[in-house]
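A.B. asks: Quick note on numbering: the sequence shown equals residues 1 to 269 in UniProt numbering.
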Amino acid sequence: MSNSDGGWISLFSGGKESSWALYRALESGRDVRRLVLIHPPANSQMYHAPAIAVARLAARSIGIPIVDVGIPVVDIEPPDIGGDVDPRSRPEDTTAIEPLEDALRTLDAELDGGVSGVITGTVESEFQADRLRSMCDRIGCEFAAPLWQAEPTVLLETMIEAGLEIVVVEVTAPGFDESWLGRQLDSDAVADLEALTGEYGVHPLGEGGEFETIVTDGPHMSRRISLEFERVWHGNWGTLRVTDARLETPPPGDDHHCEDDSPPSDNGG
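Printed below as a string of structure tokens:
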């Protein structure tokens, strides 16, 4: 049975919501000991991980070990996040919670004090929140969703103002074009998203799968992630294919970033 002396686990894709939920947890003083990265089926309602290798780099920059949880039969070859099949047409995987629960039970046995709780960046999905909450009940740990029911545009603006560098890596909804791929979200992008909301019903955070993001820098990261990529456009949807990703060396006198040359941790334990 887990207890208050245990560690917190943060579900982490490298996207904006999971990154912000992690940051909020760290700022509140939670002892986050592991990040858990899921390899999901495309179009999964449960998890989003469009750039596995980039998420691992982010974990290294953050300085928290990452546990890689793969779902069988899903073939993801990082850092390639492209593909020829429209992700909207892929079937939904309803068993994604099982490998996560297995991984959390393993961590509960391995970590000193067990697992105190699980942090998620869920904002509006009752499906996701209910399943994760039930899983935490079975494990005997707390469930924390610090972004739950936040006003979407305000939440996005807060992330940007706090210094999250958010890059769009996939678009699948009407109104988006190729220029959105690789675009960093700023105040102009927020205004454009609001216009798309009015015209096409696009969710400002992409909660309906309209777009996906990765975070390449933020106040919780010691080193910025530099990306090289290609845009892959399929006529009405597209992705970024990351060709290279690396952690930058901070310039001398950088008050925000401090260089960390420790090797990446891709596994817990």
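Ideal placement from N, C-alpha and C gives every residue a C-beta, glycine not left out.
Indicate whether the contact test is met: 3 or more Cβ pairs, each with one atom in the segment 19-35 and one in the segment 57-68, closer than 8 Å.
C.D. replies: Result yes; three or more Cβ-Cβ pairs closer than 8 Å.
A.B. asks: If the criterion is Cβ atoms closer than 9 Å, does the pair Glu207 and Ser125 meet it?
C.D. replies: Result yes, Cβ atoms of Glu207 and Ser125 sit closer than 9 Å.
A.B. asks: On the three-state DSSP scale, how would you describe Ser28?
C.D. replies: DSSP places Ser28 in coil when its eight states are reduced to three.
A.B. asks: Just to confirm, are Arg24 and Leu164 a CB contact at a threshold of 9 Å?
C.D. replies: No; because the gap between Cβ atoms is not below 9 Å, this pair is not in contact.
A.B. asks: Distance, Cα to Cα, Asp244 vs Ile225?
C.D. replies: Cα-Cα distance, rounded: 10 Å.
A.B. asks: Sorted by chain position, which residues of the same chain lie with C-beta nearer than 7 Å to Gly218's C-beta, five sequence neighbours on each side aside?
C.D. replies: So the qualifying residues of the chain are Ser19, Tyr23, Gly163, Leu164 and Glu165.
A.B. asks: My guess is that Val32 and Ser10 are in contact by the Cβ rule of under 8 Å, so how many angstroms apart are they, rounded?
C.D. replies: Val32 to Ser10, Cβ: 5 Å. Contact.
A.B. asks: If we count the other Cβ atoms within 10 Å of its Cβ and call it buried at 16 or more, is residue 329 buried or exposed?
C.D. replies: Missing from the structure shown is residue 329; the chain here goes from 1 to 269 and no further.
A.B. asks: According to DSSP, Trp233 sits in a beta bridge with which residue or residues?
C.D. replies: Per DSSP, Gly238.
A.B. asks: Run through DSSP, which three-state label would Ala55 get?
C.D. replies: In the structure shown, Ala55 sits in a helix (DSSP, three-state: H, G or I).
A.B. asks: So, under 8 Å CB-CB, Gly6 and Gly114 are touching, yes? Tell me the CB distance rounded to an integer number of Å.
C.D. replies: Contact holds; Cβ gap of about 4 Å.
A.B. asks: In whole angstroms, what is the alpha-carbon distance linking Pro152 and Thr120?
C.D. replies: Looking at the two C-alpha atoms, the distance is approximately 16 Å.
A.B. asks: Nearest-angstrom Cα distance between Thr122 and Leu35?
C.D. replies: Cα-Cα distance, rounded: 15 Å.
A.B. asks: Have a look at the DSSP bridge pairing and note the partners of Gly198.
C.D. replies: For Gly198, which the question treats as bridged, DSSP gives no partner whatsoever.
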